[in-house]
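Notes for the one structure printed next.
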Amino acid sequence: MKNIDSLLYFTPEILLVIFAVAVILLDLVVKNRESSAVAHLSLVGCICTFAAVLFIHFSFGDEGPISLFLGMIRLDTFSSFFKILLLLATAATILFSLRSEELDARLKGEYYALLLAITLGMFLMASSTNLLMIFISLETVSLTSYILAGFLTHSPRSSEAAFKYITYGAVASGTMLFGLSFLFGMTGTGDLAQIAGRLTELLAAGDIAPLAVLIAITFVLAGVGYKIASVPFHMWSPDVYEGAPIPITAFLSVASKSAGFALFIRFFYTGFGSTGLMESVNWPLMLAIVSALTMTVGNLAALPQQNVKRLLAYSSIAHGGYLLMGGVLLTSEGIGAILFYLVVYLFMNLGAFYVVVLVANEVGSEMIDGYRGLASHAPLVAGAMMIFLFSLTGIPPFAGFFGKWILFTAVLEQGYYWLALVGLLNSVVSLYYYARIVKAMFFEEAGEETDSVSFSTGTFALLSVFVIPTIFIGFLNIFYTFSNISVSVMPMQ
Amino acid sequence: MTLQHYLVISAILFTLGIFAVLTRRNAISILMGIELILNSCNLNFAAFSRFMTPSEDISGQIIAIFGIVLAAAEAAVFLAIILAIYREFGSIRPDEVDTLKG
Amino acid sequence: MDFTLTNFIFYGFALMTVGSALLVVTVRNIVHAAFSLMVTLFGVAGLYVFLQADFLAATQVIVYVGGILVLILFGVMMTSGRLEMRIHIERGQLLLGGVVALALLTLLLTVIANTPAWKNLTDDGTELPPTTEKIGELILNGPFLLPFEVVSVLLLVALIGAALISRKEVRD
Amino acid sequence: MLLSLMIFIPLLGMVAVLLLPRESEELVKRVTLLFTLIPLALAVYLFISYDRSTAGTQYVTNVPWIDAFNIQYHVGIDGLSVTLLLLTALLGPICVIASWRNIEKGIKAYMALFLLLETGMLGFFAALDLFLFYVFFELTLLPMYFLIGVWGGPRREYAAIKFFLYTLFGSVLMLVAMIAVYLNSNIVNGVAEGARTFDIPTLITLAATQGHALANSDFQVWVFVGFFIGFAVKVPIFPFHTWLPDAHVEAPTAISVILAGILLKMGTYGLVRINMAMFPQGLDHFTDGIGFWGNSLALLGFINIVYGSFCALAQTDFKKLVAYSSIGHMGFVILGLAARNDSGITGAILQMFNHGVISAMLFLLVGVLYDRAHHREINGFGGLGTRMPIYTGITTLAFMASLGLPGLSGFVGEALSLLGAYERFKFLTILSTIGIVVGAAYFLWTLQRVFLGTLNPKYEALPEINGREILTLVPLGILTIVLGVWPNFAIDMFRESVTNLIDVLNAI
Amino acid sequence: MVVPLISIILLCPLAAFAIFGLLGLANRRFPRQDYLSTAAMLIALACSFLLLREVVPSPEAHTVDWLSLGGVTFSMGFYLDSVTVIMLIVVTLVSSLVHIFSMGYMHGDPRYPRFFAYLSLFSFSMLFLVVSDNLLGIYIGWELVGLCSYLLIGFWFEKDSAANACKKAFLTTRVGDVGMFIGMMMLFKQFKTLSLYGDGIFTRITNPEYFTADATGIVWLSIAGVLIFCGAIGKSAQMPLHTWLPDAMEGPTPVSALIHAATMVAAGVYLTARMFPILTETSSLVIAYVGGITALVAATIAIVRFDIKRVLAYSTISQLGYMMLAIGAGSYVAGLFHLTTHAFFKALLFLGSGSVIHAFHAMHAHAHDDEHDHEHADSEEHILGSEIPPDQDMRNMGGLRHKMPITFVTMLIATLSISGVPFIFSGFWSKDAILGGVLGRAMEWNSAHHYILFGMALCAAGITAFYMFRLIFMTFFGEPRNQEMHDMAHESPKSMTVPLLILAFLSLPVVNILWFNEAYVKPPPQPHLHAPQHAYIAPDGNTGGKGYAVSLFGVSEAVAAEEEGGHSTDGTHADDGHHGHGPAHTIAMVLSIIVAGLGIFLSWLFYHRRTLSAESVATTCRPLYNLFWHKYYFDEFYDGVLVTLTVWKARLFAQFDGSVVDGIVNGVGFVTRDLLAAFTGAFDNRVVDGIVNRVAQVTWAVGGRIRRIQTGAIQTYLFVVLAGIVLLILIFRAL
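Residue numbers (numbering that gives the first Met the number 0), protein chains in the order written: chain C, 0 to 492; chain H, 0 to 101; chain U, 0 to 171; chain A, 0 to 507; chain E, 0 to 734.
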């Protein structure tokens, strides 16, 4: 579709930009530093965008995938799915940030603008179909993430996080760009679908060595893998998660990872999804190994952690590993499982981070010891945290179980028994460290006499926004349907 | 001047960039390494654009231009962060910025 | 291969690029490294010219040499005292990094040498009209409009971010 | 509908309890009691009205739940489940009464969790959809974890996490097996036909259909193993048993009762319902009496019996002794199931029920003593028989029932299991009878050390068991005697189901 | 009428117990539990007599389905033949008398009502055992009497010795019971039923559909028979499981009389007799030898006891051995006959000794301290807790015949009876029947085994006469050894003496009527008893046809017919109760009178005339004396070896459980927890190996040494990334 015609379908992204600018402008106007006007404006921005996404989805979703801006991005249910997911994460992050006491009140304008900008980048990640667009959207997200991670003034940890993040990210994206250049060089085009066709032809004709494709894929994997924090591209994430402001950590662990998966799925399934290619380069097996390593490393490393944020960072690595399992299957069930799991993961992980924010505010500690006796002075918060953690472990009846279940069903269906077994044993291991937090909250007494902490109604309302889906998503048909429909646009062999 | 010439040059640049990133214990040197890597990518794009696509198709060149722009943006942020690090840690040696670990 | 002037100049640029890049990663003085980088960037710009990418070459010189390199030099000045101009290296790290880099290089060279599609593609030397106009056309009215717009957002973000992060100390 | 009502009334009770103010402890207890009595009444009604003459499931509710995977909310009862449902529903109020006084903190949370636990257990025994079955199976984990971890003894944290990890380990293997069954549920002669299903009755039929993927014997063996490990942890079967002594010792009385009375039965129930009925060829591989694998299940039963008994003999902690005795007694269940004939399976099922009743009594009794003396060291008592005659009497009854004294329920199950097992595994069965002697030994020795001999002067003022405690014990005691005297009372319920099961087993 | 009557017999005592139990829950008591229990027993007694008329020649079992499975049904039911009725009468009679006796004996005990409740429960269980028509029912009753025995031995559980004794009794008998249970399992597997009558085991044993009497079949049946007999070994205190019975004397004396003399211990004999049809030659021989050895060994031990009750206990063991011997030797009727007579005179002896003890009872507390300080300070009696209570020590007695005339006379009658003094005492007839039966079998089969057995029995008979008169002489004759206690002694109240008198009457050959009626008691056929070859030849000279090679069904029929024919012609079986028939009986009678006379005479010399000194004999035959004194070291053996072994094994298991299994699990947990260290060193293959091989320690050691990978230095991370890329490419290039 032509550029001008595309604009209508591009409304959500445009809205995001408009609101990002508006936030900055509003920040200039509002003098009261304690005012949360900018946050609310950005929330409004999210809501408007949300409405726009839904509107566009329901107005044009039936027409099937639409290619926009002369093939740069694609509008389909898959991207709509991720846009909704990302907006939820962004909105949640904005709400967290409102309550977080870490952030410098004077920098709110920039902060929220950046959040909206990063959301824009993620939108594009989820819908790009062109190498250049992919790289630019990836860079937009990365660059903004670096800034957000280093956002805390006078926090060496935050600066260190930003430094490591950008170093790591720059090398990874540089490597990816090199891989992209090879892809471009082999096929002479930047369009993913054409790349797939050309690569298959060239491989069949013997015009290119499989090694070239392998190198290209591996280099691309470096860029994508770094976004979804899969082994061996994961090492930035514990440090960055620990150093970054909690809301940003939450955001990175959910949104950034989701966007990474969107990109990963689209790239690999559209670009490398042909049978001929996979005969030369068995990337699903590579991903399977990476996936097994990722969850194992994530879970084992999480065991001895004392810092809850860091623990959740490793846990999020491990979840990346679980999700990746769905990606190696080349089936719509696998992708559907990823999408469903991402929805579940969004709620439970954000919920857990929200509790971390609350506890950090009240107790001033991110350490597990800070959670001791939480159940006695803040039972509801502790209960919610318990639900999130057990959902992350995958214990029924929480949504996490259903997510894992669908994933493992998909994996087993393709006969990856070893992978499923590794994954399941990993989830047993993971119970141990999640339960350590639960244990601290419920089984141990607070060190000194702590007064009962009373949280505002808003806090509980927000908490319940995460708790209720974490309990009920698995029981409802609609989510399965939604994630399955969203997959249908992906080319499957 | 075949395509392979350019590719070899670019591969060398890339490898040198990697080498710099891995071995130079100075944040700015790492940035230089990254610039080398990005340059090699851009060179690749330009070369492929010349050799692998019809001569009127210059999309490879344009990608390279975007690459340069992105490199600039990245460098700006990187340097800002290096300055922040320098303030907080009094050093830009990456091995001394290691409070987060384990 | 005939040693025409063009070829000679090409090899000159190639040597300049690679050689100075080698210096960038080996010299122990950070300012020297920065200047070596400048040479490399010029070298690449020269190669762009050989590839008939005039606008790209110009951009390379302007943005890289005029922008990024200056930034880097500022960075050097702001972070390194006179004594800290030396770049620390460690032998073990050097070795490991060297191994990895060499391995990568070997892999890349193998691929470059063994990919039939890339073999024997000699530059026919056809002169292309200046690309500037075409680029402008493609960016403003072609497929690259969206990337262009997004990059502008990206630059804005980088601007804000860089300012934000480097501004920190002013605040106390 | 009635069945679903029974399952979810405790859940409703949980909500009700959570809504009550924290201060009104008495009210909380009463409400909880009410919400456990209703399922009991319903269970009794089901028990009475259950049609004993057929093997089919009754009181079936079957509504679609998650269409995407053809998961249904399918519950129903057959003879086996109705028996265990009755046991569960009976232990519910008993445990509430037993917790009346000795839960000191957080009674509200305790009762809420307890009610949640009850829903999980009831649902588990009624579920006829494999997925639902699994969800209920796991649903019991969480409340149990907290009940042990928060209200337990000094090493409660360790015990709780150990319990949790062990069970989770088992259940993930079960999950793999379950998914494998689901995925193969529509494959006939290598071709996929129709929709996949989790429906247990359907799966059982399919697994007996010639040419169906589920009827492949290699497949059955592997899936059998997966499910088996899941259930074995719960039973617990050596070497997956080490969570049990810790969990029992640390758990509060009522929770030990539930653990021993119901949770252990979930394992064996699963073995019957899934492993045996669905994978007869898998079962055959492990119980055909040929070679090592053919004897392996019986061997595990034997090890459980002897190992559990000897471990119990060496204990000096009253509760740990009872815990190990449970391991021994569950061995008889395994042995009986491995026999897979009339007497073996009936014996095993009876033993499940009886052990539920008897071990519940034993743990309640230990609790009574612990509440008074605040320790459980067997050697620290002595001569309590003079001071607490009624308590001694009931304990003797429970011990005798547990050690398999004829006339009391423990005997029937044990004897039938052994009789059945002997037909298939002579040598192992004979060796297993060691357990009978050792069982008598540790109980009598305990009886002697605690109740006989001269009264320990420390306990001269120990109060006799009180009315509330007697109230918890009497129904169980009556059941013990009734089932010992008239086992047909229970067997009538599941005779047809067992016959049906044996037909399935013989059909291969 | 059979079923209602039996039901009444069973329900009466059960109700008496149930009332106690239910009220006990509410911490109440029925005001006169003793009357209640006694009345229940008396009703049962009356009903038992009524049942005498109901016996028919070939009775049927009255059954109900007790446990019906899909394919198998276990029924419970009554089987009433002459033996059952006689046992019913014996049990109810002795039980009633003991009830009455206890009203006097136990008077004033703090747990007086409970005692009667237990007695009722016991009576119920015993009666249930007796009337059961199937092995399962017998086993149920069997275990229940064991429980009652446990409860009653431990009735005075404050005494550690009593507490020990009851546990020992239960456990020891349980060992035998397990054997019996295994036997039951074997039978069940073969015959698919545990019923004995009707279409039960005894019918199916000749049905080739279920059982083939070839060589393996016979071996199998022998094993099964011996295993069932194991139950009897335990319960009837046969060697080697007899040690619990002497200890069981810690219970109140009426209990000893009822349970450990007359009824429960005799249940083993009853069981063996019931299983008569399945006994083969081998199993019969085993039974006979166990019985014979027990009879002899227990008798020798009894010689050196001083505790009046223990003498009687060993005597009981010995007499039970006799009965076993009889059944093993095929003298079915003689064995049961002796069971009956023994029940009465042994109950009498116990009750009499109880009367004596009761006489000393008042002294109990008084004399106790003295006892410890002076007489037995370093006595060997301390061994194994068999310290003699002063009121049971015969060395404290003497000359009581004047103080307690009724007790004396009745006990004397019983002693004469047990010693086999001819003709006017029942014991003579029954013992003689046994001796005659054994000798008869020996002569008939020309079997060396049975001659040896006969020799044992004869010796035991002589020794029995000796130690029983030793008891009488030491207790009732001579001068009072402990004057203080003697002064206090008194004749017992009516409630105690009346039962003594009744039992004394019953020790006269009145019961013989029942057993001499050939039509009334008939031994069941033993289809699989291998008789020696010549036995087959004897009647009709047919040699070949008896081989088992021919049609199996036909043969078993033939053998059965042969057996039945044998009984009626040579008289060894059916006639053994009838005195005076055949040469075997004449010889046996003469010999038995001689040995009995010899025994009494020696006893008189030792303990009354004191021309011979027991002490000097003891000194000269020190080793033998020690052997007897230490009861052949059985207790030492058990304590030293078995118990230690068991406890040790249990400890081992527990330790194994605590350290190894748990250790592995914890180790795995530990390893997983610290696998961080391991995967940091993932490049080091040794770590991986270490995990697999030497799980925990290596992880620790290596974990400490290897640098952690998440060092915090960004260049390490980058190295991992790039090395990872290179590795991935290399690996997949190779693939």
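For each residue, glycine too, the CB sits at the ideal point set by N, CA and C.
Report the neighbours of Ile-467 of chain C on chain E: residues whose CB is nearer than 9 angstroms to its CB, in chain order.
Taking the first sequence and counting its residues from 1, one reaches residue 467 of chain C at position 468. Per Cβ cutoff of 9 angstroms: no residues; Ile-467 of chain C is ~34 angstroms from chain E at best.
In chain E, which residues lie with their C-beta within 8 angstroms of the C-beta of Gln-59 of chain U?
In the third sequence, residue 59 of chain U corresponds to position 60, counting from 1. Residues of chain E passing the Cβ test: none, with the nearest at roughly 26 angstroms.
Asn-281 of chain C by DSSP, collapsed to three states: which one?
Here residue 281 of chain C refers to the residue found at position 282 when the first sequence is read from its first residue. Residue state, collapsed to three classes: coil.
Any idea which residues DSSP pairs Ile-61 of chain H with across the strands?
Position 62 of the second sequence, counting from 1, holds the residue named residue 61 of chain H. According to DSSP, which records beta bridges pairwise, Ile-61 of chain H is partnered with nothing at all.
Arg-24 of chain H by DSSP, collapsed to three states: which one?
By one-based count along the second sequence, residue 24 of chain H stands at place 25. Arg-24 of chain H falls in the strand class under three-state DSSP.
Report the neighbours of Asn-420 of chain C on chain A: residues whose CB is nearer than 7 angstroms to its CB, in chain order.
The count along the first sequence starts at 1 and reaches residue 420 of chain C at position 421. Checking the displayed sequence, the identity of residue 420 of chain C turns out to be Leu instead of Asn. Within chain A, the residues near Leu-420 of chain C are Val-175.
Coil, strand or helix - His-211 of chain A by DSSP:
For the purposes of this step, residue 211 of chain A is taken as residue 212 along the fourth sequence, with counting starting at 1. Reduced to three states, the DSSP call for His-211 of chain A is strand.
Status (buried if at least 16 other CB within 10 Å, exposed otherwise) for Trp-428 of chain E:
In the fifth sequence, the residue the question calls residue 428 of chain E occupies position 429. Buried.
Work out the CA separation of Phe-218 of chain C and Met-175 of chain C for me, nearest whole Å.
Here residue 175 of chain C corresponds to residue number 176 of the first sequence, with the count starting at 1. Here residue 218 of chain C corresponds to residue number 219 of the first sequence, with the count starting at 1. Rounded to whole angstroms, Met-175 of chain C to Phe-218 of chain C spans 5 angstroms at the Cα level.
For the region 188-218 of chain C, which residues have a beta carbon sitting closer than 8 angstroms to at least one beta carbon of chain U?
Residues of the region 188-218 of chain C that bring their beta carbon within less than 8 angstroms of a beta carbon in chain U comprise Leu-201, Gly-205, Asp-206, Ile-207, Ala-208, Leu-210, Ala-211, Ile-214, in sequence order.
I'd like to check one pair, Ile-204 of chain E with Thr-279 of chain E: are the Cβ atoms closer than 8 angstroms?
By one-based count along the fifth sequence, residue 279 of chain E stands at place 280. By one-based count along the fifth sequence, residue 204 of chain E stands at place 205. No, the Cβ-Cβ distance between Thr-279 of chain E and Ile-204 of chain E is not below 8 angstroms.
I want to see whether chain E comes within less than 8 angstroms of Ile-84 of chain H, judged by CB atoms only; does it?
To locate residue 84 of chain H, count along the second sequence from 1; it is residue 85. It does not: the Cβ of Ile-84 of chain H has no partner Cβ on chain E nearer than 8 angstroms.
Near Asp-370 of chain A, which residues of its chain fall below 7 angstroms by C-beta distance, leaving aside the five closest residues on each side in sequence?
In the fourth sequence, the residue the question calls residue 370 of chain A occupies position 371. So the qualifying residues of the chain are Asn-101.
Measuring alpha carbon to alpha carbon, tell me which residue in H:Thr-98, H:Asp-97, H:Ala-72, H:Arg-92 is nearest Thr-143 of chain C.
Indexing the first sequence from 1 puts residue 143 of chain C at position 144. Nearest of H:Thr-98, H:Asp-97, H:Ala-72, H:Arg-92 to Thr-143 of chain C, Cα basis: H:Ala-72.
Name the DSSP bridge partner or partners of Arg-73 of chain C?
Translated into the one-based positions of the first sequence, residue 73 of chain C becomes position 74. Paired residue(s): C:Ser-66.
Nearest-angstrom beta carbon gap, Phe-424 of chain E and Leu-507 of chain E [assumed within contact, 8 angstroms]
The residue you call residue 507 of chain E lines up with position 508 of the fifth sequence. The residue you call residue 424 of chain E lines up with position 425 of the fifth sequence. In this structure, Leu-507 of chain E and Phe-424 of chain E form a Cβ contact; the two beta carbons are roughly 7 angstroms apart against a cut-off of 8 angstroms.
So Glu-89 of chain U contacts chain H; which residues on that side make the cut at Cβ distance below 9 angstroms?
The residue you call residue 89 of chain U lines up with position 90 of the third sequence. Within chain H, the residues near Glu-89 of chain U are Thr-22, Arg-24, Asp-94.
Just tell me which of U:Leu-55, U:Val-99, U:Val-75, U:Gly-91 has its CA closest to the CA of Ala-32 of chain U.
Reading the third sequence from its first residue, position 33 is the one you call residue 32 of chain U. Across the set U:Leu-55, U:Val-99, U:Val-75, U:Gly-91, the C-alpha of U:Val-75 shows the shortest separation from the C-alpha of Ala-32 of chain U.
Rounded to whole angstroms, what's the CA-CA distance from Thr-35 of chain A to Ile-228 of chain A? Just pull it up for me.
In the fourth sequence, the residue the question calls residue 35 of chain A occupies position 36. In the fourth sequence, the residue the question calls residue 228 of chain A occupies position 229. C-alpha separation (whole angstroms): 31 angstroms.
In this structure, how does DSSP classify Ala-192 of chain C when only helix, strand and coil are distinguished?
The residue labelled residue 192 of chain C in the question sits at position 193 within the first sequence. In this structure, Ala-192 of chain C counts as helix in the three-state DSSP scheme.
C-beta atoms of Gly-320 of chain C and Gly-297 of chain C nearer than 8 angstroms:
By one-based count along the first sequence, residue 320 of chain C stands at place 321. By one-based count along the first sequence, residue 297 of chain C stands at place 298. Yes; because the gap between Cβ atoms is below 8 angstroms, this pair is in contact.
Beta-carbon proximity check, Pro-142 of chain U vs Gly-270 of chain C, cutoff 8 angstroms
Taking the third sequence and counting its residues from 1, the one referred to as residue 142 of chain U is at position 143. Taking the first sequence and counting its residues from 1, the one referred to as residue 270 of chain C is at position 271. Going by C-beta atoms, Pro-142 of chain U is not nearer than 8 angstroms to Gly-270 of chain C.
Helix, strand or coil: how does DSSP classify Phe-29 of chain E here?
Position 30 of the fifth sequence, counted from the first residue, corresponds to residue 29 of chain E. Residue state, collapsed to three classes: coil.
Between the C-alpha atoms of Ile-236 of chain A and Leu-623 of chain E, what's the straight-line distance to the nearest angstrom?
Reading the fourth sequence from its first residue, position 237 is the one you call residue 236 of chain A. Reading the fifth sequence from its first residue, position 624 is the one you call residue 623 of chain E. Ile-236 of chain A and Leu-623 of chain E: Cα-Cα distance of roughly 52 angstroms.
Leu-2 of chain H at chain U interface by Cβ criterion, 8 angstroms:
Along the second sequence, one-based indexing puts residue 2 of chain H at 3. Chain U, which has a Cβ nearer than 8 angstroms to the Cβ of Leu-2 of chain H, makes this yes.
Same chain only: Cβ atoms within 8 angstroms of Leu-782 of chain E, ignoring 5 sequence neighbours per side:
What is shown of chain E runs 0 to 734, which leaves residue 782 of chain E out entirely.
Proximity winner among A:Leu-114, A:Gly-290, A:Asp-128, relative to Arg-195 of chain A (alpha-carbon distances)
Here residue 195 of chain A refers to the residue found at position 196 of the fourth sequence. Here the closest residue by C-alpha is A:Asp-128.
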